[in-house]
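The end of the sequence shown is residue 785 by my numbering, with every number in the run present. Even glycine gets a Cβ: it sits at the ideal position worked out from N, Cα and C. Here is the structure we will look at.
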Amino acid sequence: MGQNLVQAGSGQASARLCRLLSNPSSRFLVLQGLVTIILSYELLFGAESVVSRVMSNSLVVGLWLGILVIAMLPQALLGAAWFSAGLVAADTLLVTTVIYLSGNARSDLYIAYFVLMLVAASVRRLSHLLGLSLLLSAGYAVVLYEGVLQTGVMATGQLLGIPVLLVMAVFYGVALENTAVAQEEKTSLQKDVEQLKKTEEELEVAKTHLEARIKSLKEDLAKANVSLREGHVVRKGLERQLHEAQKMEAVGRVTARIAVEFGALFAVIGKQTGVMLSGLQPNDPVRSSADELFRVGERAATLTAQLIALECESRHVGHIWSVQAVLADLHSMIVSLLPDPIELVVKVDEQVAYAEVDREGLETVLLQLVVNARDAMPNGGRLTIEIKTIEELQKLARPMSVNAAHSQILIQISDTGTGMSLDTQAHMFEPLFSTKETNIGLGLTAVFGIVKQNHGLLDVESRPGQGTVVRVMFPAASAQEVREEMTPKAMLAKGDETILLVEESEIERKLARSILQRHRYRVLEAASSVEALMLTQHYKGIVHLAVSPLVMREIGGRELARRLLSQHPTMKTLFVSGYDDETIQHHRINQRFVLQHPYRQSGLVEKVREMLDAA
């Protein structure tokens, strides 16, 4: 047990010594204290000192002051690698000086001293250094002992040489170990710094990748959010369009059935008025009432025929047309429809937009929408017509359908007019609905029917006081499918043939004038029978044919023809009427001179040519 206590005590002492020497301040104070004690002893008790006692005492005081200075230095300075090397250099100089001043400067002492320095410089570990130092000191002691035996005299400095050399060797070993440890720590620190830099770079790269990933996720989320919102908008739009389509389909079916029934009734009215008029004298007071009944019936028959035509599927073969070219042909006509306070802006894509559509229907849609926009801007404004190809309908600010073809031709007509309320928009496609006091007609109902017959889409966006935007879309066609439509030479005007065109409907009059002029006819245009009479009075040329409605507000078609014949005896007359051929015959009118309304522009040209060529 006692042995265990001794071992435990020695272990604790060794641990304390290790802790003491592990602290730079304590280690340097202990070693420097040993050096100072031994060197002070050399200076104070050297028998052959070469300096005075006062000088020796001063050197001793300086050595002890050096210990105080070391005790006051900060830990950061004591832990620096250069400090231990500098202290060793200073102590080496002090030891050499003291050995010389104390009178112990013998060659054997210096040889042993430098051997110990070489040993300390060559040995890496402190334990090995202590072992070698002790071994060399023992050898030095043996040599010293033999010298004493031979001479019988031993100086004090010779005895001090052993501890001095031992302490200095240890000091050198500590300094070298500190330097090696500091170098290792520096190398390790550099490696740690490099590793930290590498880790930092990796973290920076990871941060960049993470930021890019986060940005990508944000973009994906934003796109998903936009897609979700667009899907919601598309769904709402589809629901609205489905509701409108179902409503219009129901209204169309009911209207068509009613129109068929009323058409038959109006035909009976027309026939009976014809019978009545044939039995009345020109001065009979009942004749004016019968004429008025005939006029009203004719107008009603025309409207019912138009309604039936809109509800029926189109039997006309569509051709591939350049929408820009059609608009260019109508440009001068559109300009003539607009008053000066209205600015016309046309925006057309450089890429030609082709669509398979009935040209007459397309022209009617364009002119009807232009007239509606004009009427919505009584005080002037801006009318914008845009034509472009849309590859994806979802790119529109207001998607119209997701079941449409991939590529669509968009015709957008917008104005800065009065706009429409929600209540007005709910009825805008209904037959005969109008917000105007005059010019009551089919309007947007006709546009809706034409777009539907040509497999297109129609959308209206409007707010009161903010104008209206109408979007019409037709499926796009390939330019390779375009076929040049040649006008038959037999349908062209022969020479300088002039036609008087009388039509109260502005749009129908403009379209008829356009088709006749394209066939090289000279056209005199009049909106009423009175205007037609005034126009022909000032016209110096020959009027070859007059095209007028059979029934008009001021002067009827037959009366107008009678008055015109007094000015142009060779003139022929073509009447336009909503009555069928059987009803016309009851009024003693040759059906060869009647064009049934509604008619196609090509039918008008054929009938005009037929009338002009007739004997």
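Which of helix, strand or coil does DSSP assign to Q636? For the purposes of this step, residue 636 is taken as the residue at position 466 of the sequence shown. Assignment of Q636 by DSSP, reduced to helix, strand and coil, places it in the coil class.
Under 8 Å by Cβ, that's how I've got L580 and I560 pegged, so tell me the actual separation to the nearest angstrom. What you label residue 580 is simply residue 410 of the sequence shown in a count that begins at 1. What you label residue 560 is simply residue 390 of the sequence shown in a count that begins at 1. That pair is a contact at about 5 Å.
Where does S684 land, buried or exposed, given buried means 16+ other C-beta within 10 angstroms? As a working mapping, residue 684 is identified with position 514 in the sequence shown. A residue is called buried when at least 16 other Cβ atoms come within 10 angstroms of its Cβ; S684 meets this threshold and is buried.
State the Cα-Cα distance for the pair L199 and E364, rounded to the nearest angstrom. What you label residue 199 is simply residue 29 of the sequence shown in a count that begins at 1. What you label residue 364 is simply residue 194 of the sequence shown in a count that begins at 1. Their Cα atoms are separated by approximately 36 Å.
Could you give the distance in angstroms between the alpha-carbon of S277 and the alpha-carbon of Q202? Position 107 of the sequence shown, counting from 1, holds the residue named residue 277. Position 32 of the sequence shown, counting from 1, holds the residue named residue 202. Because S277 sits at a pLDDT of 48, beneath the cut-off of 50, its placement in the model cannot be relied upon, and the point is left open.
For H714, which residues in the same chain have their Cβ closer than 8 Å to its Cβ, ignoring the five residues on either side in sequence? The count along the sequence shown starts at 1 and reaches residue 714 at position 544. Around H714: E667, T668, I669, T740, M741, K742, L782.
Cβ-Cβ distance between D528 and K558 below 8 Å: Numbered from 1 along the sequence shown, position 358 holds the residue referred to as residue 528. Numbered from 1 along the sequence shown, position 388 holds the residue referred to as residue 558. For D528 and K558, no; Cβs fall outside 8 Å.
Alpha carbon of A376 to alpha carbon of I384, nearest angstrom: In the sequence shown, the residue the question calls residue 376 occupies position 206. In the sequence shown, the residue the question calls residue 384 occupies position 214. A376 and I384: Cα-Cα distance of roughly 12 Å.
Beta-carbon proximity check, M590 vs P634, cutoff 8 Å: Here residue 590 corresponds to residue number 420 of the sequence shown, with the count starting at 1. Here residue 634 corresponds to residue number 464 of the sequence shown, with the count starting at 1. Yes. Within cutoff.
Would you call the CB atoms of S797 and M722 closer than 8 Å? With the chain covering only 171 through 785, there is no way to say anything about residue 797.
Leaving out the 5 sequence neighbours to the left and right, which residues in its chain are closer than 7 Å to L705 when beta-carbon positions are compared? What you label residue 705 is simply residue 535 of the sequence shown in a count that begins at 1. Closer than 7 Å at Cβ, skipping near neighbours: L694, A696.
Cβ separation of A647 and A525, assumed to be a contact under 8 Å, to the nearest whole Å: Locating residue 647 in the sequence shown gives position 477, counting from the first residue. Locating residue 525 in the sequence shown gives position 355, counting from the first residue. Rounded, the Cβ-Cβ distance is 6 Å, consistent with contact.
Going by other Cβ atoms of all chains shown within 10 Å of its Cβ, with 16 needed for buried, is P719 buried or exposed? Residue 719 sits at position 549 when you count from the first residue of the sequence shown. Buried, since its Cβ has 16 or more Cβ neighbours within 10 Å.
Any beta carbon of chain B sitting closer than 8 Å to that of R641? In the displayed structure, chain B is absent; only one protein chain is listed.
In three-state DSSP terms, what is H489? Your numbering for residue 489 matches position 319 in the sequence shown. H489: strand per DSSP, three-state reduction.
Tell me the DSSP secondary structure of L628 in three-state form. Here residue 628 refers to the residue found at position 458 of the sequence shown. The answer is strand: DSSP assigns L628 an E or B state.
When you compare only the Cα positions, how much space is there between A546 and D585? Position 376 of the sequence shown, counting from 1, holds the residue named residue 546. Position 415 of the sequence shown, counting from 1, holds the residue named residue 585. Per the coordinates, the alpha-carbon of A546 lies some 8 Å from the alpha-carbon of D585.
Determine the burial state of Q766: buried for a count of at least 16 other Cβ atoms within 10 Å of its Cβ, exposed for fewer. Walking along the sequence shown from the start, residue 766 turns up at place 596. Residue burial annotation: Q766 is buried, with at least 16 other C-beta atoms found within 10 angstroms of its C-beta.
Nearest CA to the CA of M503: which residue from L734, E678, L398? Taking the first residue of the sequence shown as 1, we reach residue 503 at position 333. The residue with the shortest Cα to Cα distance from M503 is E678.
Cβ neighbour criterion (16 or more within 10 Å) applied to S386: As a position in the sequence shown, residue 386 is number 216, starting the count at 1. So S386 counts as exposed.
Report, in whole angstroms, the separation of the C-beta atoms of V764 and H689, which I expect to be a contact under 8 Å. For the purposes of this step, residue 764 is taken as residue 594 along the sequence shown, with counting starting at 1. For the purposes of this step, residue 689 is taken as residue 519 along the sequence shown, with counting starting at 1. Wrong, their Cβ atoms sit about 21 Å apart, outside the cutoff.
Of the residues P244, Y709, S492, E724, which one's Cα is nearest the Cα of R692? Mapped onto the sequence shown, residue 692 falls at position 522. Answer by Cα proximity: Y709.
Helix, strand or coil for Q521? Go by DSSP, reduced to three states. Here residue 521 corresponds to residue number 351 of the sequence shown, with the count starting at 1. Note: Q521 maps to coil in three-state DSSP.
With DSSP collapsed to three states, give me the class of F644. Residue 644 sits at position 474 when you count from the first residue of the sequence shown. Strand at F644.
Can you give the beta carbon distance from I759 to F745, rounded, assuming they're within the 8 Å contact cut? In the sequence shown, the residue the question calls residue 759 occupies position 589. In the sequence shown, the residue the question calls residue 745 occupies position 575. About 7 Å separates the two Cβ atoms, so the contact holds.
Between P768, S772, V778, which lies nearest to R762 when the distance is taken from Cα to Cα? Taking the first residue of the sequence shown as position 1, residue 762 is located at position 592. With distances taken between Cα atoms, R762 lies closest to V778.
Bridge-paired residues (DSSP) for S718: Within the sequence shown, residue 718 is the residue found at index 548, counting from 1. Answer is F745.
For L671, does the three-state DSSP call read helix, strand or coil? Along the sequence shown, one-based indexing puts residue 671 at 501. Here L671 sits in strand by DSSP.
Of all the options K680, F644, I555, L734, which has the alpha carbon lying nearest to the alpha carbon of I490? As a position in the sequence shown, residue 490 is number 320, starting the count at 1. Measuring from the Cα of I490, the nearest candidate turns out to be F644.
For A716 versus L703, is the C-beta spacing smaller than 8 Å? As a working mapping, residue 716 is identified with position 546 in the sequence shown. As a working mapping, residue 703 is identified with position 533 in the sequence shown. A distance of 8 Å or more separates the beta carbons of A716 and L703.
How far does the beta strand (DSSP E) with A546 in it extend, from its first residue to its last? Here the question's residue 546 lines up with position 376 in the sequence shown. Looking at the DSSP string, A546 is not in any beta strand (DSSP E), and its letter there is neither H nor E.
May I ask you to list the residues that DSSP assigns as paired with Q766? Numbered from 1 along the sequence shown, position 596 holds the residue referred to as residue 766. Note: Q766 sits in a beta bridge opposite S747.
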